[in-house]
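Taken in order, the sequence shown gives residues 1302 to 1397; the numbers are from my numbering.
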Amino acid sequence: MGLATTAQARPVTQNQAQMCRWGSEVAKNAQQFKLSGKTLYSTRKAIENRQYSRPWMKKMAVGITEQTFASRSRMNPKEIKDTYYQGCLRHEMARR
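This is the structure we're talking about:
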C-alpha cells in the first residue's frame, strides 16, 4: 500500500489514509445521489439512520454530503472520489 509523501512532509499514517478513503467513498455516494435526482433531505435521512463504527463518522458524513449537494459540480462520482481523496491526503500532510 503506497501512502503519499512530499519532500517536506512526513507520510500520512494508515489511519489517516483510511479516513480519507472512507470520506472519499461518502463524497462519491453523495454525488451519485445528487446526480440521480435524490434530494438532500432524503440522502441526509439515509445517512443519519446508518450505523457507524466511530462516533465522529455520522457528523462528518452529513457534512461531506451537504457540501457535495451545495456544489454545482456535475463531475462523475469516480472523479469526485479521486479529487476528495487527494485533497484529504494533502490536508493531512499539511497538518503534520
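Even for Gly, the Cβ is constructed at its ideal location relative to N, Cα and C.
Which stretch, first to last residue, makes up the alpha helix (DSSP H) that contains residue i?
i: Asn1330; result: 1315-1336
i: Tyr1342; result: 1341-1350
Only counting the same chain, and skipping five residues up and downstream in sequence, which positions put a Cβ closer than 7 Å to that of residue i?
i: Lys1335; result: Thr1369, Phe1370
i: Gln1317; result: Glu1393
Please list, in chain order, all residues of the same chain as residue i whose beta carbon is under 6 Å from its beta carbon, the five residues on each side excluded.
i: Val1327; result: Ala1362, Ile1365
i: Cys1321; result: Tyr1386, Cys1389, Leu1390
i: Ser1325; result: Lys1382, Tyr1385, Tyr1386
Taking the alpha-carbon positions, what's the residue i to residue j distance?
i: Ser1374; j: Thr1314; result: 30 Å
i: Glu1405; j: Lys1379; result: Since the displayed the chain opens at 1302 and closes at 1397, residue 1405 lies outside it and no answer follows.
i: Ile1381; j: Lys1329; result: 6 Å
i: Gln1352; j: Asn1377; result: 27 Å
i: Ala1347; j: Lys1359; result: 11 Å
i: Gly1338; j: Glu1367; result: 15 Å
Can you round the beta-carbon distance between residue i and residue j to whole angstroms, since I take them to be within the 8 Å contact cut?
i: Thr1340; j: Ala1331; result: Contact flag wrong, Cβ pair sits at about 12 Å.
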